[in-house]
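>
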Amino acid sequence: MKKVVVYPGSFDPVTYGHLDIIKRALKISDKVVVAVAHNMDKKPLFDVSERVRLLKKALKGSERVEVDDFDGLVVDYVKRKKASVVIRGLRMISDFEYEFQMALTNRKLASDIETIFMMPSESYSYLSSKLIKEAAFLGANLKGFVPPFVQKAIRKKVRKG
Ligand code: ADP
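Just add 27 to wherever you are in the sequence shown, counting from 1, and you've got my numbering.
1) Based on Cα-Cα distance, which residue from Ser152, Asp74, Lys58 and Tyr34 lies nearest to Pro40?
2) Just verifying my parser: in three-state terms, what is the DSSP assignment at Ile55?
3) Can you find a heavy atom of ligand 1 that lies under 8 Å from the Cβ of Leu117?
4) Report the CB separation of Leu46 from Ala85 in whole angstroms; it is logged as a contact under 8 Å.
5) Does DSSP classify Ala110 as helix, strand or coil?
6) For the structure I just gave you, are there three or more beta carbon pairs, one from the segment 131–151 and one from the segment 160–170, closer than 8 Å?
7) Helix, strand or coil for Pro40, going by three-state DSSP, please let me know.
8) Which of the three DSSP states is assigned to Met145 in this structure?
9) Using alpha carbons as the reference points, say which of Thr142, Lys54 and Phe38 lies closest to Ile159.
10) Compare the beta carbon distance of Met146 and Gly99 with 9 Å and say whether it is the shorter of the two.
11) What is the residue span of the beta strand (DSSP E) that Glu90 lies within?
12) What's the gap between the Cα of Val8 and the Cα of Arg91?
13) Pull up the CB-CB distance for Asp103 and Val63, whole angstroms please, since I reckon it's below 8 Å.
14) Comparing the CB of Ile48 with every heavy atom of ligand 1, is any distance shorter than 8 Å?
15) Quick one: residues in its chain with C-beta nearer than 8 Å to the C-beta of Ile49, no 5 flanking neighbours on either side, listed in chain order?
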């Protein structure tokens with residue numbers, strides 16, 4: 028049976044950190060489903076369809092990767108995809124508390140689903156979509172953080188205010 032893993036998140040927008048995790052997830056699975064969440068606390072910069080489009084472009088040619096979006100509980104989505112593993116990225120120790128809570132909550136909701144944490148290359152271990160957006164609004168060059176077309180898409184949003 029094919030090993031399918033689900034990598035859920037906001038991806039607002041995709042960064043080289045996310046792409047690094049996807050590359051690592053492919054090493055331990057047959058297929059990675061990158062699942063863009065609809066339900067976010069904060070108002071996203073990019074709507075779901077834009078986030079999906081940017082991810083698909085960044086992952087063009089990756090045959091073992093599917094980009095999808097989902098609403099509701101991660102564990103329900105994982106079951107719908109006939110998967111049993113959730114992939115999450117761990118950057119700094121500051122990610123740990125939230126990720127730990129979420130993994131244990133998901134385990135309580137669905138005991139047959141495991142969460143696997145992966146660490147990115149150290150060059151991306153400080154990178155977050157939030158930081159990128161803040162830097163972009165202050166005029167930073169995002170080269171090395173996000174693919175060029177993502178940088179272009181962010182710049183367009185910044186111009187619109
Ligand atoms: P969320 O809003 O759910 O935290 P994100 O889209 O920011 O989602 O990230 C999805 C997952 O990818 C999370 O597990 C997050 O920790 C991880 N992640 C984000 N950026 C990086 C990075 N630079 N390196 C490793 N993991 C990352």
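We put the CB at the ideal spot given by N, CA and C, even for glycine.
By the coordinates alone:
1) Ranking the options by Cα distance to Pro40, first place goes to Asp74.
2) In the structure shown, Ile55 adopts coil according to DSSP, grouped into three states.
3) yes
4) 6 Å
5) coil
6) no
7) In the structure shown, Pro40 adopts coil according to DSSP, grouped into three states.
8) strand
9) Phe38
10) no
11) Looking at the DSSP string, Glu90 is not in any beta strand (DSSP E), and its letter there is neither H nor E.
12) Here the chain covers residues 28 to 188 and nothing more, so residue 8 does not appear.
13) With a Cβ gap of about 15 Å, Asp103 and Val63 do not count as contacting.
14) yes
15) Tyr34, Val59, Val61, Leu86, Ser89 and Val92
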